[in-house]
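Beneath this line is the structure, given in structure tokens, with notes to follow.
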Amino acid sequence: MTVAAEDRKTDLVERLAAEVRSRVPAEQRENAEQFVRRYFALVAPDDIIYTSFDTLIGGALSLWEFGAQRQPGKPKVRLFNPSVEKNGWGLEHTVLEVVNDDMPFIVDSVTAEINRRERNIHLLLHPVMRVRRDSSGRRVELAANQPAPPDAITESYMHVEIDQETEPGELELIRASIERVLESVRVAVTDWRAMRARLAENIQELETRKLPMAQEEVDEAKAFLKWLDEGNYIFLGFRRYGFETRDGKDYLPAQPETGLGILREMRPESVERSDQPLSPEFSAYARRKDLLIITKANNRSMIHRSVPMDRVGIKRYNDEGNLIAEDRFLGLFTSAAYSRSVREIPMLRLKAKRTIDRAGLDPRSHNGKALVEILETFPRDEFFQITDADLFEVARGILLLQERQRVALFTRKDVFERFVSCFVFVPRDRYTPDFKERA
């Protein structure tokens, strides 16, 4: 980006601001001009200085007018193909417009959904405004001064240009999916504090209740749950499940009115699954005397990143040491969980220590250092889920391959036998572009 490009952008925005003043009623001019300046404030010069003036002013005024009426708490979403005949401005892309209460994860969640639908994003503008609305939802002022009036709300405006889509049915599918994403974001953000409160209750219970496992495991579980709450986990949903045995079969029925975030409502398939007995694998795992279940959920996240969600289950026991419930959180580990040393993360550090101890290696020795490096670079999602026994076998297998120039495959089934993870070990000198293409 050059000074000349910045100067061209500054001049262009001045002309756009003057143009918008000439196109809106006198009582809206100050607010509309302020909107346009914020609309283009954070866009890169190259994204607009080569675009036609009519297209730029048309897109800005379209979003301005779209946000004129809105009830707080309810998003507005529309998807359309602007044309000179219908809109007074045209574009070769489809335009998505969103006006919503500002909250975390909006932009990355919307863009993740667009990418999931295999649409390219050509331009994204996301001004955030402090807005005053009357009781009918009509916008009456953009709050320019700080501090803003106490009745002002912070709103997120989005203008997104994606690959052109002309099929009406497909346009409606995309629009509806964006609305679902925004609703998921809303309930997760709204219930964030309540979910953290449920986590705090579990930590308190671990500190006060006598539990049927070694104190080392209890202490490490407590440390891990506290670590989650220190910005290392994005809380998206929570629900409590009871544990019952009927006619010799185990069940985990969902407890009414316990759902939070994206688990507030029970979907029909979830209700049906809740009434089914546990599989033998799940039943055996549930009856193990341990505290935490960390695995991947069946569903991909609609919030922040379009990846399978991280499920953290906390087993709850009565005073007799019998399992009575599971408190289940759905969410995503944050970037810190993937970048920190395993020695800094509760649960992982204990797994790593047990693996090193079982291998009988001095961490300062050549092989000991190699094993530590294997553990530090082990796929982090897998590290959270893998059992001590499986981790030892895979890490030891990789260690034994260090001086052998051959390809090796290691596999791991998840505890409920839903997924299989494959680890392919390739010597560095054989990991060529040709190998990657053939693989």
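The sequence shown finishes on residue 438 if you use numbering that gives the first Met the number 0, and the numbering steps up by one all the way, no holes.
Cβ atoms here follow ideal geometry from the backbone N, Cα and C, with glycine treated the same way.
By a C-beta neighbour count over all protein chains shown, 10 Å radius and 16 as the cutoff for buried, is Asn99 buried or exposed? Its Cβ being crowded by 16 or more others within 10 Å, Asn99 is buried.
Closest to Ala43 by C-alpha separation, out of Ser61, Ala25, Asp6, would be which residue? The shortest C-alpha separation from Ala43 is found at Asp6.
Taking DSSP as the reference, what is the three-state secondary structure of Ile173? Correct three-state label for Ile173: helix.
Paired residues, beta bridge with Arg36 - DSSP: By DSSP's assignment, Arg36 forms no beta bridge with any residue.
Can you check whether the CB of Met157 is closer than 8 Å to the CB of Phe328? Contact flag unset, no.
So, with DSSP's three-state summary, where would you put Asn321? It is coil, neither helix nor strand.
Which first and last residues belong to the alpha helix (DSSP H) in which Ile161 is found? It is not in any alpha helix (DSSP H) - Ile161 instead sits in the beta strand (DSSP E) that spans 152-161.
Spatial distance of Phe65 from His121 (CA atoms): Approximately 21 Å, taken between the alpha carbons.
Along the beta strand (DSSP E) that carries Arg238, what are the first and last residues, could you check? Its beta strand (DSSP E) spans residues 232-241.
Just how far apart, CA to CA, sit Leu198 and Gly236? Leu198 and Gly236 have their C-alpha atoms spaced approximately 12 Å apart.
Under a Cβ-count criterion, where at least 16 other Cβ atoms within 10 Å of its own Cβ denotes burial, should Lys446 be classed as buried or exposed? This structure does not reach residue 446, given that the chain is present from 0 up to 438, and the question cannot be answered.
Determine the direct distance from the alpha carbon of Ser305 to that of Leu322, and round the result to whole angstroms. The alpha-carbon separation between Leu322 and Ser305 amounts to approximately 33 Å.
Contact defined as beta carbons within less than 8 Å: I believe Glu206 pairs with Lys225. What is the distance between those atoms, to the nearest angstrom? Here Glu206 is actually not in contact with Lys225; their C-beta atoms are around 11 Å apart, not less than 8 Å.
Only counting runs of 3 or more residues, tell me where the beta strand (DSSP E) segments fall wholly within the stretch 287-367, in order along the chain. Here the runs fully enclosed are 291-299, 307-316, 322-332.
Can you tell me which of the three DSSP states Asn114 falls into? Asn114 sits in a helix when the DSSP states are folded into three classes.
Start and end residues, alpha helix (DSSP H) containing Val2: Per DSSP, Val2 belongs to the alpha helix (DSSP H) from 2-22.
Nearest-angstrom Cβ-Cβ length linking Met439 and Arg37, presumed shorter than 8 Å: With the chain covering 0 to 438 only, the question about residue 439 has no answer from this structure.
What does the Cβ neighbour count give for Thr354, buried or exposed, with the cut at 16 atoms within 10 Å? The residue in question, Thr354, is buried, as its Cβ has 16 or more Cβ neighbours within 10 Å.
As assigned by DSSP and simplified to three states, the class of Asp137: The sequence shown places Arg at residue 137, rather than the Asp named in the question. Arg137 sits in a strand when the DSSP states are folded into three classes.
Does DSSP classify Thr410 as helix, strand or coil? Thr410 falls in the strand class under three-state DSSP.
Is the beta carbon of Leu374 sitting closer than 8 Å to the one on Gly367? The Cβ atoms of Leu374 and Gly367 do not sit closer than 8 Å to each other.
Round the Cβ separation of Asn201 and Ile313 to the nearest angstrom and send it over; I've been treating them as touching at under 8 Å. In this structure, Asn201 and Ile313 form a Cβ contact; the two beta carbons are roughly 5 Å apart against a cut-off of 8 Å.
Could you check the C-alpha separation between Ile293 and Val109 for me, to the nearest Å? Rounded to the nearest angstrom, the two C-alpha atoms are 27 Å apart.
Burial state of Asp190, where buried means 16 or more other Cβ atoms lie within 10 Å: By the beta-carbon neighbour count (other beta carbons within 10 angstroms, threshold 16), Asp190 is buried.
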